[in-house]
Structures are given as C-alpha cells and as structure tokens.
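Protein chains in written order, with my numbering: chain A, 5 to 348; chain B, 7 to 166.
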C-alpha cells in the first residue's frame, strides 16, 4: 500500500509541476477578466457562431471568453441559478419564448440596452421586455425530399395520408425545443382536444420520436424518413452540404410556429459591462451575419439577409403564438402527451 | 467432453497476453490524459457542463446527485485535476506494470462514475472497461512484463 501511495503522490506532484511550468511560461494568460457565457452547445461548439464571436471579442475586450455549454435551455437555466456568486454567469444565450417564465423564476436580470431601429418587424413586439433581447428567430415547418414525395402535403390533414405511414421523424417534446413547438403549434391551431386527437391519428405515421432535433433530422438526412419537423432555413444548410439537395420546407395552410432565441444578462453578473459589450457584438451587423450563417436562423436585423440565400426563403404564414403556457400548464400538456405515447 | 469442461477449471494459462492488454490499456489512458492535458480540460468546465446536463435526469441515489452537484460541479477545476491525475496514474501504472492491482481498483472507480455520469451512448465501452480493470486487479496483471513481479517474489501479499 505504501508503494501505491508513493506512486499516487509522485504522479500528482509531477502533474502539478507540469501545470506550474506551463502556467509560468505564459504568466499573463489568466490575469485577464473572464466573461462567462452560458450557451447551448449548438452555439458554443466549433460549428456554431460561438468560436468566431469569442475570437472577435477577445481581440478588443482584453478579457477571456469562457463558454459554459448545455444541451438544452432548461438545464442551462437551472445551472445558471445554482452557480455560486463568485462564478455566476455573465450572459446567458439560447432560451426561447417558452423559457422566459422559467428564466424569470428565482433570477433577476439586468436591462440590456439595444438599438432597435434596425430590427426586423417580426421581432419588434418582443422588445417589450427590456431584460431579454432576441438575437435570432426561425419559422418551423415540415421538410420533405421533393423528389421522393409525389404530391407535397399542403396541410396537417395531408400528413395523415396512408402513403406516409412510418415516414415522419419527429422530436420528443419533453426533451426537444422543436418537439415542444410542434405540440404547442397543434394545440394553438386545433385546440387541445382536437390536437391530441390529431396526434393519435398521426402516431402510425411517425417513424421515430428523436430525443433532440439532430436525431430526427439525421433520420431524414439518411432517407430513413420522408419528412421531419425543422426550420424553414434548414434547406439552406442542406444545400451547403450537398448542392444537389432536394430538401424543401412545406408551407401549410394552418400557418407555422415561430421560435425566437433570447439573450439576457443576470443581475448577479461579475463582468456586466463586458456582458453588455458581448451582447452588442452579437446584435451588430457582423455578429448577426455570423449567427445567421452558423445557426441557420433568421437574423433580427433586416438588412443582414440582403444578398444571401436567406432573402430568398419563401414567405411562410406564421401563427401568432400569443398564449404561452406557464410551467405548470406545460407540464400538464407534456404529461398528457406521455400518457398518449404509453398507450400507443 | 463434459467432464473435460469441468476439469478445465484447473487450467492455468500464461499471463503474457494479458500483459499486452494491460499495456494497450495503459497506452489508451495515456492518450486520453495527454489530450486532456494539452486541451482545455483544466481551463474550461467541460466535465462540469456534461455532468450538469445529465444530472436532472440521472437515475442515481439522492446522496450521489447532491455530492456531484455540490462538490464536483462547484469545484470543477479541482475535480478535473484529480480526474486527469488518476488517468495519468492508470496510464503509467499499466504501462510499467507497477502497483497494477490497486490502480485497477481506481480504474474501476473512474469507469463506474463515467458510466453513471457521462455514458451518453458509450455505456458498453465503460462496462467493458470495468470488466477489464477487474480482470487486471484479479490476475495481478503487473506480474508479467512489469515491475510488480519483483515485489510479488519478495513480499507476496494482496497488492502485488
């Protein structure tokens, strides 16, 4: 046992010395203030806009940007609330309109000053809450491979056609934002009872309920499903990957749900000025362009889409999701959905 | 044939192939540890982020969840250092064949925690690792092509 303890001490001491030497070779590395950004993985990882924004910001801020990633907004907000004060989040990104109540529960937010002159008409009504600023938005719709589906569906009823049995990849609303958007959209356009009745009839059409967007979209990409539920800008991503892509978003007569992604600065922030400057960078024309191109979402500033494929996306009729269910209501609806699935 | 099957329990094989498995595991852990050391494992709370993501839906005893939330996530830098140190320990021990038995128990401990907290589709890998570490500990895999043989010959005891 003495040998083991000696060995353990030796390894840890060696590691400590190695780290110390590395640190002393770059002494001013950690003396800069750290901007703690809480963001979804899709934002912070290499394929998202996070790395570009970090690099750009660090050239001017004399600070270090540190991303704290989460796979979904609910766990991210819970983390933000549970962090001790000395390591509190400076800025939080990536929660949508359905998470605002959760964000406000038990956490205070600073007002973020923004110049709303350039904002798209679609997002102006959302600026009524000065604490939460939208930084991108998207319209959700069914996607299809147009070469594989003869008559493209035009409304929700068409999706129940016998020829589409086991051919739709959807997302689980308990774990996925587009999945929740889909469920709330049905309730909004049909009413709760009719929506669950519709879902019951839709069950045989569903190939899989993916735990997240990428799982469902993966099935669609690999031609294991004819349809999936995603963003109307997803065909742009598809063309970027394969110029011959035949992916199209289907405009439905019922209208389409809209998702807005927000940023906010908690009042417990340690580097609040830096956080506001980072928000300003995201909302700048340059930042918005990167967010648009990396997140495949619409920017909140109109002029940014000019001359890009985003300007050519057809107009989709949107549904005014005026009634946002509170947490308890949302849980009730999700419980009802789970019961329906269990009885499948 | 059936009697021979029962009789085969007496067969004592050579440790030589197991030594190769041990060295391969050591090399694997060394690679993992160096990746962490040269990357941002100690500078960014990647481990804490991944754990915080799975924690709400974790199927584990309440005391374990509380410990992870209050200690591991909040003191992520210290824990990242400990995890990295333990991985270097396993790597060096398996490569040299020194104190393999106690280190294999450390390997089981790490793999069990990874299985609970970070499996995310890698359940089978961590289960296999647990089995391999247990076999290393059981057989005393450092006795072949390793420094443990020196101590095994002179001291015996359960640790060699």
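Yeah, the Cβ is synthetic: ideal placement off N, Cα and C, and Gly gets one too. None of the values given here were measured: they were computed from a predicted structure.
### Closest by C-alpha distance to residue 23(B), when choosing among 91(B), 166(B) and 147(B)
Nearest of 91(B), 166(B) and 147(B) to residue 23(B), Cα basis: 147(B).
### Task
Tell me the start and end of each unbroken alpha helix (DSSP H) in the stretch 213 to 239 of chain A that is at least 4 residues and wholly inside, in chain order.
If we require 4 residues or more, the alpha helix (DSSP H) runs fully inside the stretch 213 to 239 of chain A come out as 217 to 225.
### Task
May I ask you to report which of helix, strand or coil DSSP gives residue 305(A)?
When DSSP states are grouped into helix, strand and coil, residue 305(A) belongs to the strand group.
### Task
For residue 286(A), count neighbouring Cβ atoms within 10 angstroms of its own Cβ and tell me buried if that reaches 16, exposed if not.
Buried, since its Cβ has 16 or more Cβ neighbours within 10 Å.
### Query
Going along chain A, which residues have a C-beta under 8 Å from residue 90(B)?
Simply 19.
### Task
Please list the partners that residue 15(A) has in chain B, where partner means a Cβ-to-Cβ separation under 8 Å.
Under the 8 Å cutoff, chain B gives 91, 94, 95 and 98.
### Query
Does the beta carbon of residue 5(A) come closer than 8 Å to any beta carbon on chain B?
Cβ-Cβ to chain B under 8 Å: yes for residue 5(A).
### Task
Assign residue 64(A) to buried or exposed, taking buried as 16 or more other Cβ atoms, counted over all protein chains shown, within 10 Å of its Cβ.
By the neighbour-count criterion, in which a residue is buried when 16 or more other Cβ atoms sit within 10 angstroms of its Cβ, residue 64(A) is exposed.
### Query
Nearest to residue 53(A) by CA position, among 331(A), 297(A), 314(A) and 315(A), is which residue?
Ranking 331(A), 297(A), 314(A) and 315(A) by Cα distance to residue 53(A) puts 297(A) first.
### Query
Going along the stretch 33 to 65 of chain A in order, which residues come within less than 7 Å of chain B, judged by CB to CB distance?
If the cut-off is 7 Å between Cβ atoms, the stretch 33 to 65 of chain A has nothing near chain B.
### Query
According to DSSP, what are the bridge partners of residue 71(A)?
According to DSSP, residue 71(A) bridges with 41(A).
### Query
Given a limit of 9 Å on CB to CB distance, which residues of the stretch 77 to 92 of chain A reach chain B?
Flagged, chain order: 78, 79, 80, 82, 83, 86, 87, 88 and 91.
### Query
At a Cβ threshold of 8 Å, is residue 75(A) touching chain B?
Yes, because at least one Cβ of chain B sits closer than 8 Å to the Cβ of residue 75(A).
### Query
Nearest to residue 36(A) by alpha carbon, out of 322(A), 263(A) and 66(A)?
Here the closest residue by C-alpha is 66(A).
#### Entry: Close beta carbons around residue 132(B), own chain, < 7 Å, minus the five adjacent residues each side
Taken in chain order, the residues that qualify are 117, 120, 121 and 125.
### Message
What does the Cβ neighbour count give for residue 31(B), buried or exposed, with the cut at 16 atoms within 10 Å?
### Response
So residue 31(B) counts as buried.
### Message
Out of 303(A), 290(A), 199(A) and 304(A), which one is the CA nearest neighbour of residue 60(A)?
### Response
Comparing Cα-Cα distances from residue 60(A) to each of 303(A), 290(A), 199(A) and 304(A), the minimum goes to 290(A).
### Own chain, CB closer than 7 Å to residue 75(B), minus 5 neighbours either side, in chain order
Cβ neighbours of residue 75(B) beyond the five flanking positions: 61.
### Task
Specify the secondary structure class of residue 157(A) as computed by DSSP and reduced to three states.
If DSSP states are grouped into helix, strand and coil, residue 157(A) belongs with coil.
### Query
Which residue comes first and which comes last in the beta strand (DSSP E) that contains residue 130(A)?
No beta strand (DSSP E) holds residue 130(A); DSSP gives it neither H nor E.
### Message
Contact defined as beta carbons within less than 8 Å: I believe residue 49(A) pairs with residue 91(A). What is the distance between those atoms, to the nearest angstrom?
### Response
The Cβ separation is near 21 Å, so there is no contact.
### Task
Verify the CB distance criterion: does residue 282(A) have a CB-CB separation below 8 Å to chain B?
Chain B places no beta carbon closer than 8 Å to that of residue 282(A), leaving this residue out of the contacts.
### Task
Counting only the same chain and skipping the five closest in sequence on each side, list residues whose C-beta sits under 7 Å from that of residue 308(A).
Cβ within range, chain order: 289, 292, 293 and 296.
### Task
Can you tell me which of the three DSSP states residue 98(A) falls into?
Strand, per DSSP.
### Query
Measuring CB to CB, does residue 145(A) end up less than 8 Å from residue 72(A)?
Not a contact, by the Cβ cut-off of 8 Å.
### Minimum Cβ-Cβ distance from residue 11(A) to chain B less than 8 Å
Interface residue (Cβ-Cβ distance to chain B less than 8 Å): residue 11(A) is classified as such.
### Query
Got a sec: which bits of the stretch 243 to 257 of chain A sit with their beta carbon under 8 Å from any beta carbon on chain B, in order along the chain?
The residues in question: there are none.
### Task
Determine whether the Cβ of residue 144(B) lies closer than 8 Å to any Cβ atom of chain A.
Taking CB atoms only, residue 144(B) has no neighbour in chain A less than 8 Å away.
### Message
Just to confirm before moving on: does the CB-CB distance between residue 217(A) and residue 175(A) stay below 8 Å?
### Response
Remark: C-beta atoms of residue 217(A) and residue 175(A) approach each other more closely than 8 Å.
### Query
Quick one: which chain A residues come within Cβ less than 9 Å of residue 72(B)?
Using a Cβ-Cβ cut-off of 9 Å, residue 72(B) is close to nothing in chain A; its nearest Cβ partner there is about 12 Å away.
### Query
Are the stretch 97 to 113 of chain B and the stretch 137 to 154 of chain B in contact at 8 Å, needing three or more beta carbon pairs?
Short answer: they touch.
### Query
Is DSSP giving residue 298(A) helix, strand or coil here?
The answer is helix: DSSP assigns residue 298(A) an H, G or I state.
### Query
Can you find a C-beta in chain A that's less than 8 Å from the C-beta of residue 129(B)?
The C-beta of residue 129(B) comes no closer than 8 Å to any C-beta of chain A.
### Task
Could you tell me whether the Cβ of residue 99(A) comes closer than 8 Å to any Cβ of chain B?
No, because no Cβ of chain B sits closer than 8 Å to the Cβ of residue 99(A).
### Query
Excluding sequence positions up to five away, which residues of its chain have a Cβ less than 8 Å from the Cβ of residue 196(A)?
Closer than 8 Å at Cβ, skipping near neighbours: 337.
### Query
Can you give the beta carbon distance from residue 20(A) to residue 304(A), rounded, assuming they're within the 8 Å contact cut?
47 Å between Cβ atoms; not a contact.
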